[in-house]
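Single-structure report; data block below.
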Amino acid sequence: MLKGNFYNIRNVANEEGQVTLTLELNAAHPIFGGHFPEQPVVPGVCMMQIVTETLEDAVQQKVLLQKAGLMKFLNMIDPVQQPLVDVSLTYKAEENGGWKVNATLKRDATTFMKFQGVFK
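21 is the number that UniProt numbering gives to position 21 of the sequence shown; each next residue is one higher, with no gaps.
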């Protein structure tokens, strides 16, 4: 779990089927020592974990990625230069008990990640 350590939530709006939040990255987190010491960059796996944790909080259950139809990392996030990130996530229950999800991580006009997929 990255929430509360790698990032903290500054504000959140949670409606049925949709979550929007702003998070603040912890630029002092040890992960940036290896990714990368002179030029910290949020790893793609951490962006995906943010999506996962946001969905888990919204649906109040643990989920596991089942299918990623679209996962695009469009811009790097430097936690020193860009500590605030806006997360927008929509989700819909599927008949098989899974969740169809669309998510975007961005700040202002810069989009960092786009995701479409299914969690179970």
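In this text, a Cβ means the ideal position worked out from N, Cα and C, and glycines have one as well. Values in this document were obtained by computation on a predicted structure and should not be read as measured data.
Outcome for residue i when other beta-carbon atoms lying within 10 angstroms are tallied against a minimum of 16
i     : result
Met1  : exposed
Ala58 : buried
Leu74 : exposed
Leu89 : buried
Phe36 : exposed
Residue i, DSSP secondary structure in three states
i     : result
Ile9  : strand
Phe32 : helix
Ala27 : coil
Gln18 : strand
Enclosing alpha helix (DSSP H) for residue i [first to last residue]
i     : result
Met47 : Gly44 to Val59
Test item: CB-CB of residue i and residue j under 7 Å
i      : j      : result
Val87  : Leu21  : yes
Gly117 : Ala68  : yes
Ala103 : Val41  : no
Val19  : Thr54  : yes
Arg107 : Val85  : yes
Lys3   : Lys72  : no
Met47  : Leu105 : yes
Run of the beta strand (DSSP E) containing residue i, from where it starts to where it stops
i      : result
Leu89  : Leu84 to Ala93
Asn102 : Trp99 to Arg107
Gln66  : Leu65 to Phe73
Lys114 : Thr110 to Phe119
Assumed close pair residue i, residue j - CB separation to whole angstroms, cut-off 8 Å
i     : j      : result
Asn8  : Leu23  : 7 Å
Leu64 : Phe119 : 6 Å
Gly17 : Tyr91  : 6 Å
Ala27 : Pro83  : 6 Å
Ile77 : Phe112 : 5 Å
Any chain B beta carbon closer than 7 Å to residue i
i     : result
Gln82 : Any reference to chain B falls outside this structure, which holds one protein chain only.
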